[in-house]
Amino acid sequence: MAIFNLKKREIECKIVYYGPGRCGKTTNLEFIFKSYKKQVRGEMVSINTEGDRTLFFDFLPMGLGKIRGCDVRVQLYTVPGQVKYSSTRKLVLRGVDGVVFVADSLEVRREKNMLSLKDLQSNLKEYGKSIFKVPLVMQYNKRDLAEQGIPLMPLEQMERDLNRQLKVPSFPASAVKGAGVGVTLKECLKLTLKALQKEFKWAQ
Amino acid sequence: MADFKQQLKALLGEAEIYKSQGLVDEARAKYKTAAELIRSKPNIKNRDGLLDAIRAKIGQLQKQQIDADQVVQSPKLSPKAQNLIKNLFIATDEEHPDDAALQAAIMMAKIGQFESAITEFNKLIQKDRLRVAAAKHILQCHLAKSSEREAIEQYRRWIEDGGFPPRQLETVRQYLEEILQQKGIKRRLPSPKIETEDKADQIPEPETESETEEDFIDITSIAISFEGGPHKGKTVEFDVNFQSGNMLSLIISKNEADVLEGLDDGMKLNDIQFFSPIAIFSGAGVVVSKTQIKSGPKQGDYCLDIRITST
Ligand SMILES: Nc1nc2c(ncn2[C@@H]2O[C@H](COP(=O)(O)OP(=O)(O)OP(=O)(O)O)[C@@H](O)[C@H]2O)c(=O)[nH]1
Ligand SMILES: [Mg+2]
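Heads up: the sequence lines are chains A and B, in that order.
All residue numbers for the first sequence refer to our numbering, where the first residue is 1 and numbers rise by one.
All residue numbers for the second sequence refer to our numbering, where the first residue is 205 and numbers rise by one.
Take a look at the structure:
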């Protein structure tokens, strides 16, 4: 849940990067950390295993400055994607205001994407939220691997698999190269802030 | 022949990429397909050499997987990370930061970070409202580490310190005695001195615990009767390691992991006996999650969360 301080005209919201293991959530945050120095408000904290897999979460605080007279702060989190960390994922999702679902374009990860999206839906439901109502953006990551001849799913197929019912904005990306990372985040922020403006009736 | 070479190259290229991304199963599958391809061509020169090379690659993968599963052996989370975990809760419950801190500490205990959790619980012991809950959790942490002696020592220190209001401490004593008894340890613990003549005693005591904690009586163990699955017809008893409201957490040793078979997320348990210091009652619950503890003294054991749905 966003924290809204009417007196100080400050708002702090939480965006969570969700998706199957190894799809590139942490890589998204790393790129944001490197490339948006002006907006980043502190260190990126990662709680990892040896093999670089997220064990608990990654965390990156950002500040967007004043939007319609209100100081907007954003906390970015990633969940651990591996199936076994289910309770941690649920915890990190607590109080979420907006979600970026990172899907892996690798053909071999097709089923994992779908399972993870289902897992997101059921975890949101536990917090009384509907996946159809939460501000949500899709990212189809690792598009760069096509150049190396690795079998990827066509974007249309990913849309059909994951976005047929949700119909949320979606973006192809290559998080290692930084392509598509910024637009994904910006779109998610836009949707999230719009929802919060409606909820808190600020800037009217 | 050129076709074969191309195919093999593509398969190995894919496998290498998956490997570099930590997608171990996918990489292994590609290596295996590559090996089959080679085997299907009896006339290739250097066939055995190629097959050996692939076997070696698969061996490396196995090792990579084991390494990746080895969690960094840091029994303590960094203070910054701990703070973040706490804030995860506080951000969502701004009005009750102490309750949030309590939840965060329970979370740390659940992931096997007992020392960090105890440090946090000790801070909460200063708060009248949460003192009893925090104290019980500290004892649970010691017991989860299999150190009954430390739990008893801790209780003694609380008596000696004198900082603990006797009535609250008495609740804690009953609780500890009950748990020890269930573990087969019969032990009479010294009671705190409750001064009955004290006038102040007639003033009703403030609520000692937060609502969410006190909604539910303490449950020290449960017995689940399996209605289906591999253990159908069996009744298995479990100690409760942590409780917060109607949520029970059980830590189950990796050696006993087979009882967990069939206890999957979302599973309804319609026949549970609950044992508490004051009563035994039956009811129902649902499995909220089953996770493996990744580090600390309980590494490899499981934490099973069960929510009580009716009693
Ligand atoms: N080629 C390519 N590799 C990528 C891309 N994004 C991530 N990777 C690689 O995929 C692997 C996993 O990336 P992470 O960012 O750690 O994945 P994650 O989603 O955080 O994984 P978990 O923490 O286990 O859930 C790493 O080896 C990354 O370098 C991409 O766009 N292209
Ligand atoms: Mg990660």
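Quick reminder that beta carbons are idealized off the backbone N, C-alpha and C, glycines included.
Since the model is a prediction, treat every value here as computed from it, not as a measurement.
Start and end residues, beta strand (DSSP E) containing residue 56 of chain A: 54–67
Does the distance from the C-beta atom of residue 78 of chain A to that of residue 140 of chain A stay below 7 angstroms? no
Can you determine whether any heavy atom of ligand 2 sits closer than 6 angstroms to the C-beta of residue 78 of chain A, and answer yes or no? yes
Label residue 2 of chain A either buried or exposed according to how many other C-beta atoms from any shown protein chain fall within 10 Å of its C-beta, with 16 as the threshold for buried. buried
Who are the neighbours of residue 449 of chain B on chain A, taking C-beta pairs under 8 angstroms? Those do not exist, as residue 449 of chain B stays about 15 angstroms from chain A at its closest Cβ, beyond 8 angstroms.
Report yes or no: do three or more beta-carbon pairs, one from the region 164–174 of chain A and one from the region 219–239 of chain B, lie closer than 8 angstroms? no
Cβ-based neighbour list, residue 107 of chain A, same chain, cut-off 7 angstroms, excluding 5 preceding and 5 following: 151, 152 and 153
Check for me: the beta strand (DSSP E) holding residue 217 of chain B runs from which residue to which? Residue 217 of chain B -> not in any beta strand (DSSP E); alpha helix (DSSP H) instead, spanning 206–224.
Could one say the Cβ of residue 279 of chain B lies closer than 7 angstroms to chain A's Cβ atoms, at least one of them? Because residue 279 of chain B sits at a pLDDT of 39, beneath the cut-off of 50, its placement in the model cannot be relied upon, and the following sentence gives the value as read from the coordinates. No, residue 279 of chain B does not count as interfacial toward chain A.
Going along chain B, which residues have a C-beta under 8 angstroms from residue 148 of chain A? 217 and 221
If residue 455 of chain B sits next to residue 489 of chain B, beta carbons under 8 angstroms apart, how far is it from one beta carbon to the other, in whole angstroms? The Cβ separation is near 17 angstroms, so there is no contact.
Given a cut-off of 7 angstroms, decide if residue 444 of chain B and residue 452 of chain B are closer than it, judged by their beta-carbon atoms. yes
So with CB distances below 8 angstroms, who are the chain B contacts of residue 59 of chain A? 288
Residue 268 of chain B bridges to which residues according to DSSP? None, per the DSSP bridge assignment.
Suppose the cutoff is 6 angstroms on Cβ atoms and the five residues either side in sequence are ignored; what does the same chain contact list for residue 495 of chain B look like? 507
Anyone know if the C-beta pair for residue 54 of chain A and residue 20 of chain A falls short of 7 angstroms? no
Going along the chain, which residues of the region 102–133 of chain A sit with their C-beta nearer than 7 angstroms to a C-beta in chain B? 108
Does the beta-carbon distance from residue 24 of chain A to residue 41 of chain A come in below 7 angstroms? no
Nearer than 6 angstroms: is that true of the beta carbon of residue 25 of chain A relative to any heavy atom of ligand 2? yes
In angstroms, rounded to a whole number, what distance separates the CA positions of residue 65 of chain A and residue 487 of chain B? 53 angstroms
Is the number of C-beta pairs between the region 472–480 of chain B and the region 427–434 of chain B that are closer than 8 angstroms three or more? yes
Consider the Cβ of residue 453 of chain B: report whether some Cβ of chain A lies at a distance smaller than 7 angstroms. no
Taking 6 angstroms as the line, does the beta carbon of residue 121 of chain A fall inside it for any heavy atom of ligand 1? no
Contact under 7 angstroms by Cβ, residue 128 of chain A with residue 14 of chain A: no
Does the distance between the C-beta of residue 142 of chain A and the nearest non-hydrogen atom of ligand 1 fall short of 6 angstroms? yes
Note down the Cα distance separating residue 514 of chain B from residue 484 of chain B, rounded to an integer number of angstroms. 14 angstroms
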